[in-house]
Each structure stands twice: as structure tokens, then as C-alpha cells.
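> To start, I am sharing the structure in question, which I have written as C-alpha cells.
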Amino acid sequence: MEAVCPTSGKGVNRVLDSFVSCEHGVVDSPDQEILKRINSVIDAKIKVYKDIYIPSGLVKSDGYLVIAVNTFLLGPFSQHGISGFPSVLSAVYPVGPGTVEINIASGKFLDRGLKYQPAIFKVNGASIRTDLFSRDNGTIIDAIMTGHVHLYQNSTERKLLAIHNHYSKNELKYRLPVDCNYWLERNNAMTLSIKKG
Amino acid sequence: MESVCSRQNLDLIRGFIEVDTKNLPDKLSKEVCERILISWVRFERLADSTFVGEFTNGSQDTLVQRFWELYVGNRLQNRFKKVSSNDSGPDFKVEHKK
Chain F
65 MEAVCPTSGK GVNRVLDSFV SCEHGVVDSP DQEILKRINS VIDAKIKVYK DIYIPSGLVK
125 SDGYLVIAVN TFLLGPFSQH GISGFPSVLS AVYPVGPGTV EINIASGKFL DRGLKYQPAI
185 FKVNGASIRT DLFSRDNGTI IDAIMTGHVH LYQNSTERKL LAIHNHYSKN ELKYRLPVDC
245 NYWLERNNAM TLSIKKG
Chain P
57 MESVCSRQNL DLIRGFIEVD TKNLPDKLSK EVCERILISW VRFERLADST FVGEFTNGSQ
117 DTLVQRFWEL YVGNRLQNRF KKVSSNDSGP DFKVEHKK
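Top to bottom, those sequences are chains F and P.
Its first residue numbered 65, the first sequence is counted upward by one per residue in the numbering used here.
Its first residue numbered 57, the second sequence is counted upward by one per residue in the numbering used here.
Encoded structure:
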């Protein structure tokens, strides 16, 4: 189990201080910057786990890996992503913002869903994959626990969520100490959907 | 010796929280302090050697980071019997029979 708490970062891809401290009244959500920061800390932990912990015998190669990510330092937008799911979920599954399908001719509403978003982009144009769980490196993670936690909140304000890895090499045989779980479930041969419970 | 260290750590954390919450109403400040100290006592055996220094160094980033460790560690201890931690390696190890 690794506990990480991404900061707003430095350089052009950082989450601007004004978003973290909420100086503006109405602004666009810096969701791309937030995903970059979350993605970066998870990637760093995978690297340490694969390059140091397993080769040195600090952990067993057939053990479980759960990473706990606190989004508090990324500001208030980081708790819920623009997909309507926790931000961390959009860093590990290719789930983008909500979409609405409308018949242009009639103007009638047809359907709603979520945009497939397998990557986001840095300011320099380089892409960052957001389907981390299904990538070779990502299958080493069994689940991510996430919360938006500060020490001066009272205990009822603190919620822990778990996002389970559908593509994990192991299957978690025990329950995590969380208040809510998210997982993928197969609808049919072609589609998966996100379940909450 | 261990109890002396524990006392020192407890006093360091109490002193820091009292200063950090000085702008909160008195009652709330005391509640926050008490809550954190109770959590700390439960967590202390899992804390690595740099924990208290980083918790009390005045940086809000490291304060939130260290508290997250404490919070996750205590949630794990509530759920699992065997939770351990070392300075080297992952933050926590959980042994659980399948």
C-alpha cells in the first residue's frame, strides 16, 4: 500500500494557484492539469515498485499493490472530475466528460454518455495515456483508493473511495476499508460500464 | 526510552496543531487538536522516522501529505489485523489470509 498526495506541480503543466485557492468566482475546471498530476504520481509509484521494491525483495512479486491518492492539494476541482466520477477514475480509465447526443435536424435529445478519452495532452503537445489500468505497467495495480482529505475536516467529511482495476493481474480477495467502490462490469461482448456500490 | 519519545512526539504535534489552528474558534481548535492526537497515538507505531519532523515543519503540503499517511494507516488498522511499516519499502504492508 502506497499513500501519495500530488501537489499542484511546477512549470507550464501545473495546476495554477488560483484554481487551488479558488480566487475566481466562475472558471473552467482545470481537469487536464489535475489528471496530469494524478497520472504522474501513480506512474512514479509503479516505477519504484517495479524497479526497486520487487527486485530488492521488499515486496513479493505476487502481492497486491494498492495506491492511495489524496487529491486535496490539487484544489476543490480535483475531488469530482468533469465526467461526474472521481477525478482519479479518469486518470486510470479512459473516461472523459459527459456527452449528449442530439438529432441536429429535429433538435431532439437522443442519448447521453461519456466521452472516450484515452489520452490528454501536455502544453508541448506530448500525450499522456489515461487508460493506465489497462496498460502493461498499470495491470500491476490492483486498486486505487482515493479521498479529498485534510486534517481539519471532521470525520464525517472524509470519504474514502476505491477504484478497482478490471485488468489487474491479481484479483483482490479482500475488502478495502472504504466507503464506496467503483468497478467495471461487462455489459456484453463489446461494452463495459462503470458500477458504483 | 520509547515512552519518552512518544511523549516528546505527542507534545511536538500538540504544540504544532495549537499554533496552526490559532485562527480557529477556541472550541473548534481544541476539538481538532484532540482528534488529531487520538489519531496519532493509534498511528505512531507505523510512523517512519521522519514523520513528526515533516508533520511539524510548517509546510502545508507536507502537513497534508503526512496526515494522509496517518489517515490511511489508521483506516487499514481498523480493517486488518496485521499492518506494518518500515522506513524502506512501501508505506504500509498488510498481511491478510485469502
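Even for Gly, the Cβ is constructed at its ideal location relative to N, Cα and C.
The model shown is predicted, which means the values in this text are computed figures rather than measured ones.
#1: For the structure I just gave you, are there three or more beta carbon pairs, one from the stretch 86-98 of chain P and one from the stretch 171-190 of chain F, closer than 8 Å?
#2: Using only alpha-carbon positions, find the residue among Lys78/P, Glu125/P, Ser144/P, Val150/P that is nearest to Ser120/F.
#3: Would Ile102/F pass as a contact of Ala155/F if the rule is Cβ separation under 7 Å?
#4: Whole angstroms is fine: what's the gap from Lys100/F's alpha carbon to Glu125/P's?
#5: Which residues in chain P have a C-beta closer than 9 Å to the C-beta of Tyr157/F? List them in chain order.
#6: Can you name the residues of chain F whose CB is closer than 8 Å to the CB of Trp97/P?
#7: Please state whether DSSP places Tyr127/P in a helix, a strand or coil.
#8: Going by C-alpha to C-alpha distance, which of His212/F, Val213/F, Ala207/F sits closest to Tyr231/F?
#9: Could you give the DSSP three-state label for Lys138/P: helix, strand or coil?
#10: DSSP state of Thr210/F, grouped into three classes?
#11: For Leu236/F versus Leu248/F, is the C-beta distance shorter than 7 Å?
#12: May I ask you to report which of helix, strand or coil DSSP gives Ala67/F?
#13: What is the DSSP secondary structure of Phe148/P, reduced to helix, strand or coil?
#14: Helix, strand or coil for Asp175/F? Go by DSSP, reduced to three states.
By the coordinates alone:
#1: no
#2: Ser144/P
#3: yes
#4: 22 Å
#5: None at all; the shortest Cβ gap to chain P is about 22 Å.
#6: Contrary to the premise, residue 97/P reads as Val rather than Trp in this sequence. Residues of chain F passing the Cβ test: none, with the nearest at roughly 15 Å.
#7: helix
#8: Ala207/F
#9: strand
#10: strand
#11: no
#12: strand
#13: coil
#14: strand
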